[in-house]
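Visitor: Protein chains in written order, with the working numbering: chain A, 213 to 365; chain B, 213 to 365; chain C, 838 to 919; chain D, 838 to 919. Below are the structure tokens for one structure; questions will follow.
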Amino acid sequence: MRADIRIATQAFDPESELAAFRIALSGAGAVVSFTGLVRPASDAGAVSTLGLQHYPGVTEHAIAETLADAGERWALEAALVIHRVGDLTAHEPIVLVAAASRHRRAAFEAADFLMDYLKSRALFWKSETSAQGKLWVEPRAADYADAARWGVR
Amino acid sequence: MRADIRIATQAFDPESELAAFRIALSGAGAVVSFTGLVRPASDAGAVSTLGLQHYPGVTEHAIAETLADAGERWALEAALVIHRVGDLTAHEPIVLVAAASRHRRAAFEAADFLMDYLKSRALFWKSETSAQGKLWVEPRAADYADAARWGVR
Amino acid sequence: MARLLFFGRLGDLAGAVERSIGLSQAHSVADLIGVLGQSDRLLASALGEDRIRYAINGTIVDSGALVEDDDELAFLPPVSGG
Amino acid sequence: MARLLFFGRLGDLAGAVERSIGLSQAHSVADLIGVLGQSDRLLASALGEDRIRYAINGTIVDSGALVEDDDELAFLPPVSGG
Chain A
213 MRADIRIATQ
223 AFDPESELAA
233 FRIALSGAGA
243 VVSFTGLVRP
253 ASDAGAVSTL
263 GLQHYPGVTE
273 HAIAETLADA
283 GERWALEAAL
293 VIHRVGDLTA
303 HEPIVLVAAA
313 SRHRRAAFEA
323 ADFLMDYLKS
333 RALFWKSETS
343 AQGKLWVEPR
353 AADYADAARW
363 GVR
Chain B
213 MRADIRIATQ
223 AFDPESELAA
233 FRIALSGAGA
243 VVSFTGLVRP
253 ASDAGAVSTL
263 GLQHYPGVTE
273 HAIAETLADA
283 GERWALEAAL
293 VIHRVGDLTA
303 HEPIVLVAAA
313 SRHRRAAFEA
323 ADFLMDYLKS
333 RALFWKSETS
343 AQGKLWVEPR
353 AADYADAARW
363 GVR
Chain C
838 MARLLFFGRL
848 GDLAGAVERS
858 IGLSQAHSVA
868 DLIGVLGQSD
878 RLLASALGED
888 RIRYAINGTI
898 VDSGALVEDD
908 DELAFLPPVS
918 GG
Chain D
838 MARLLFFGRL
848 GDLAGAVERS
858 IGLSQAHSVA
868 DLIGVLGQSD
878 RLLASALGED
888 RIRYAINGTI
898 VDSGALVEDD
908 DELAFLPPVS
918 GG
């Protein structure tokens, strides 16, 4: 399986990345992508800045292990994870996950699995700055429940 | 919900379409896309041409009803279906489905639902031409089983 | 004239996706298949298979539904998109 | 010098993401938190919370693990990516 991981410190263009990912495929019939965007408002109101922090080297290593795990669970030709860090504003892409396989079910499930990992276990820390100040975000109960579907620790 | 449907008689660029779809969003935090590609080989061997036929007007109308159904099942800001017809060669995009929502689970499920519909119930007929001649494709048992997950007729 | 549409492999059997037929009176779908069978038994047999669905003017009907002149009758084999 | 890394809200509490501390001998993570608590009880209390995980040189450890000079000790609050 081809596995690409990138931590982006600057804005990235998810569709250009996805086009490059697709064009490099040789036999896959199905590509599923997830793009996460900064929402203009959270439960705390309008968000002016989203801050994302990672643990350089360690975060990438753990994502690589999870991609390898996905490659054992599903027959994937390729998978891609791009995750932003730094300060982001509304509508900016935060994350792009893509999975390519011969058949669509594997591609859907692998992308879903990778997003559940990124939301609940990957080494990222997210803060929202709004009129109420800066708030560090923790996963919702739904994120943990989603991740538990795959039987992961 | 914003709903876009297009039957493409010529090759289309899925990532350009997806970029336009994303940029028009106002509040969604999650975009899931599925891109289907002509595989260079099927179970019958190397495929030289894939032929796709639809029932003009009637096919689009039924897709629109299914998009409306998706909009009732999930809180979607927008959904998109582009489906090729005509003669296609290996690696060409056949279909693009995209779903955008506030949260990722709705976007994943809606895209998955729409693809199950397109694979098993939408009014398209697909033929594969290989060295063995022309073969009309019918849904696999797995496609019907996938569609049955949603409790649709 | 009623328009007959043959999709998928039915078009290969019929030799064309579309055919016109003059109807002086309404016929059921099943009757029309019988009429077609007078000149092409192989086609009529394929059109009458259980898994072929019928649509008149874009609406799914059963084989007892009546087709009138100016109607569009489509023969729909199992679909396969995506 | 050992490097201490404070992620998420712990960095706000510590006043910086990174801090160095000279260790003449190995200390357990729990002991080091105690040392930090002599100058900053609020920080030490946050570092000792149940849901904070510890990593030495990138590997998750428990609070009894030993930190030596030249090690990197990271304090990891609950994560939130995507």
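We put the CB at the ideal spot given by N, CA and C, even for glycine.
Pro351 of chain A versus chain D: which residues are under 8 Å apart at the beta carbon?
Guide: Residues of chain D passing the Cβ test: Pro915, Val916 and Ser917.
Visitor: What are the start and end residues of each continuous alpha helix (DSSP H) run of 4 or more residues lying completely inside the segment 319-360 of chain A, in chain order?
Guide: 353-360, all fully within the segment 319-360 of chain A.
Visitor: Which residue or residues does DSSP assign as beta-bridge partners of His295 of chain B?
Guide: According to DSSP, His295 of chain B bridges with B:Ile219 and B:Val307.
Visitor: Where do the ends of the beta strand (DSSP E) carrying Glu855 of chain D lie?
Guide: Start and end: Glu855 to Ile858.
Visitor: Closer than 8 Å, Cβ to Cβ, to anything on chain B: give me those residues from the segment 238-256 of chain A, in chain order.
Guide: Residues passing the 8 Å Cβ filter: Ser238, Gly239, Ala240, Gly241, Ala242, Val243, Val244, Ser245, Phe246, Thr247, Gly248, Leu249, Val250, Arg251, Pro252 and Ala253.
Visitor: Rounded to whole angstroms, what's the CA-CA distance from Gly895 of chain D to Glu229 of chain A? Just pull it up for me.
Guide: Roughly 29 Å separates the two Cα atoms.
Visitor: Determine whether the Cβ of Arg846 of chain D lies closer than 7 Å to any Cβ atom of chain A.
Guide: Chain A, which has a Cβ nearer than 7 Å to the Cβ of Arg846 of chain D, makes this yes.
Visitor: By DSSP, does Gly283 of chain B sit in helix, in strand, or in coil?
Guide: Helix, per DSSP.
Visitor: Beta-carbon within less than 7 Å of Gly885 of chain D's beta-carbon, same chain only, minus the 5 sequence neighbours each way: which residues are those?
Guide: Only Ile870 meet the Cβ criterion.
Visitor: Just to confirm, is the Cβ distance from Ala323 of chain B to Phe246 of chain B under 7 Å?
Guide: Yes; because the gap between Cβ atoms is below 7 Å, this pair is in contact.
Visitor: Mind checking Arg878 of chain C: buried by the 16 CB within 10 Å criterion, or exposed?
Guide: Flag for Arg878 of chain C reads exposed.
Visitor: Based on the DSSP secondary-structure assignment, which residues constitute the bridge partners of Val244 of chain B?
Guide: A:Phe246 and B:Ala311.
Visitor: Please report the distance separating the alpha-carbon of Ile306 of chain B from that of Pro915 of chain D.
Guide: Going from the Cα of Ile306 of chain B to the Cα of Pro915 of chain D covers about 42 Å.
Visitor: On a CA-only basis, which of B:Ala242, B:Gly269 and B:Ala253 is nearest Val250 of chain A? Give me that one, please.
Guide: Comparing Cα positions, the closest option is B:Ala242.
Visitor: So what does DSSP say about Ala911 of chain C, is it helix, strand or coil?
Guide: Ala911 of chain C falls in the strand class under three-state DSSP.
Visitor: Which residue or residues does DSSP assign as beta-bridge partners of Ala258 of chain B?
Guide: Ala258 of chain B pairs with B:Ala253.
Visitor: Is it buried or exposed, Pro268 of chain B, if we count other Cβ atoms within 10 angstroms and call 16 or more buried?
Guide: Label assigned to Pro268 of chain B: exposed.
Visitor: For Gly263 of chain A, which beta-bridge partners are listed by DSSP?
Guide: According to DSSP, which records beta bridges pairwise, Gly263 of chain A is partnered with A:Asp299 and A:Ser339.
Visitor: Just to confirm, are Arg890 of chain D and Leu913 of chain D a CB contact at a threshold of 7 Å?
Guide: Their beta carbons are under 7 Å apart, which means Arg890 of chain D touches Leu913 of chain D by this criterion.
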